[in-house]
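First to last, the sequence lines map onto chains A and B.
No gaps in the numbering here: position 85 of the first sequence is 85 in our numbering, and each next residue is one more.
Quick note, our numbering runs 1000 ahead of the 1-based positions in the second sequence.
Structure first, commentary second.
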Amino acid sequence: DTAVSQTPKYLVTQMGNDKSIKCEQNLGHDTMYWYKQDSKKFLKIMFSYNNKELIINETVPNRFSPKSPDKAHLNLHINSLELGDSAVYFCASSQAGTTYSNQPQHFGDGTRLSIL
Amino acid sequence: QKEVEQDPGPLSVPEGAIVSLNCTYSNSAFQYFMWYRQYSRKGPELLMYTYSSGNKEDGRFTAQVDKSSKYISLFIRDSQPSDSATYLCAMSAGAQKLVFGQGTRLTINP
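See the structure below:
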């Protein structure tokens, strides 16, 4: 009964390749997120979608492209992978918040991406 | 200077001790404060969620927010080996944008 599930859990690939990570949530939430956690454990938001609409887009290289086919899914496609992309990528979901509110976010268990 | 500062530790205490974890922040617009627990190879799990200043208690966990000092704390009473994890503070001014601390790695020794 995993609430937020990501696939794959581990991804090892070579520099220059293109890869995708998938995320699905069964919590009925309207908003989904992608975060990157680096080797020092810093967790930083990359993107957020609300009902398939992009609402947060942090300073992320345009090699990263999120896609939301429906509100229960948010995938992350990465082109031309670089060594610095090695990290753990977390998907999360929440109820929709507003400009002046914040709803708790629930995280998946991460995808560990290693670039050779 | 980072928006949220958190001592990465590691912090090691004996079982049964009271643990105090802290974060400071610089953005006075932050209104929502959270503590997440992250076990190795797992995603962050929401432990405590508070709005504005004050205290909140849930079982062995107490969260405190002092907005005047821009300082938040998490206390764990009667600590157990199962509490060994990385604890991340997170804050938001709204619009679902969370800013996380680096996380404090905590070990409870039996």
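Idealized CB from N, CA, C, for every residue including glycine.
Could you give the DSSP three-state label for residue i: helix, strand or coil?
i        : result
P1081(B) : helix
L116(A)  : coil
L1011(B) : strand
V70(A)   : According to the sequence provided, residue 70(A) is Asp. The question's Val does not apply to it. It is a strand residue.
D1066(B) : strand
L81(A)   : coil
S101(A)  : coil
S5(A)    : strand
A1017(B) : coil
R1105(B) : strand
S86(A)   : coil
N1027(B) : coil
K1002(B) : coil
K40(A)   : coil
N26(A)   : coil
N1177(B) : What is shown of chain B runs 1001 to 1110, which leaves residue 1177(B) out entirely.
N17(A)   : coil
Where does the unbroken beta strand (DSSP E) through residue i begin, and where does it stop?
i        : result
D1058(B) : 1054-1058
M1034(B) : 1032-1038
V12(A)   : 10-13
N57(A)   : 53-57
V60(A)   : No beta strand (DSSP E) contains V60(A), which DSSP labels as neither H nor E.
Which whole-angstrom value describes the C-beta separation of residue i and residue j, a residue pair presumed to lie in contact below a C-beta threshold of 8 Å?
i        : j        : result
S48(A)   : Q1096(B) : 6 Å
P1044(B) : Y1036(B) : 4 Å
T11(A)   : L113(A)  : Inspection of the sequence shows that residue 11(A) is occupied by Leu rather than by Thr. With 8 Å as the limit, L11(A) and L113(A) qualify as a contact, their Cβ atoms being about 5 Å apart.
For residue i, decide whether its Cβ has a neighbour in chain E, counting only Cβ atoms nearer than 8 Å.
i        : result
G1059(B) : Although the question refers to chain E, the structure presented lacks it and instead comprises the protein chains A and B.
The region 1078-1096 of chain B in contact with the region 1035-1045 of chain B per 3-pair CB rule at 8 Å: In short, these stretches touch, since the Cβ pair count reaches three.
Interface positions of the region 1008-1020 of chain B facing chain A (Cβ-Cβ less than 9 Å), listed along the chain: Within the region 1008-1020 of chain B, P1008 place their CB atoms closer than 9 Å to a CB of chain A, listed in sequence order.
contact_flag[the region 51-59 of chain A, the region 3-11 of chain A] where n(CB pairs < 8 Å) is 3 or more: When Cβ pairs closer than 8 Å are counted between the two stretches, the region 51-59 of chain A is seen not to touch the region 3-11 of chain A, the count staying below three.
Meets three-Cβ-pair contact criterion under 8 Å: the region 87-102 of chain A and the region 1006-1022 of chain B: The region 87-102 of chain A vs the region 1006-1022 of chain B: no contact.
Residues of the region 1083-1103 of chain B with Cβ closer than 7 Å to any Cβ of chain A, in chain order: Per Cβ criterion, the list reads T1086, L1088, S1092, G1094, A1095, Q1096, K1097, L1098, F1100, Q1102, G1103.
Near-chain B residues of the region 34-48 of chain A - C-beta to any C-beta below 8 Å: Residues of the region 34-48 of chain A with a C-beta atom less than 8 Å from some C-beta of chain B are K40, K41, F42, L43, K44, I45, S48, listed in chain order.
Three-pair Cβ contact test at 8 Å for the region 100-111 of chain A versus the region 1011-1026 of chain B: Judged by Cβ distances under 8 Å, the region 100-111 of chain A makes no contact with the region 1011-1026 of chain B, as fewer than three pairs qualify.
Validate contact between the region 1074-1081 of chain B and the region 1017-1027 of chain B using beta carbons, cut 8 Å, 3 pairs: Between the region 1074-1081 of chain B and the region 1017-1027 of chain B there are three or more C-beta pairs closer than 8 Å, enough to call the two in contact.
Contact set between the region 16-34 of chain A and chain B, restricted to residues whose Cβ is under 9 Å from the partner: Of all residues in the region 16-34 of chain A, T31, Y33 have a Cβ within less than 9 Å of some Cβ in chain B.
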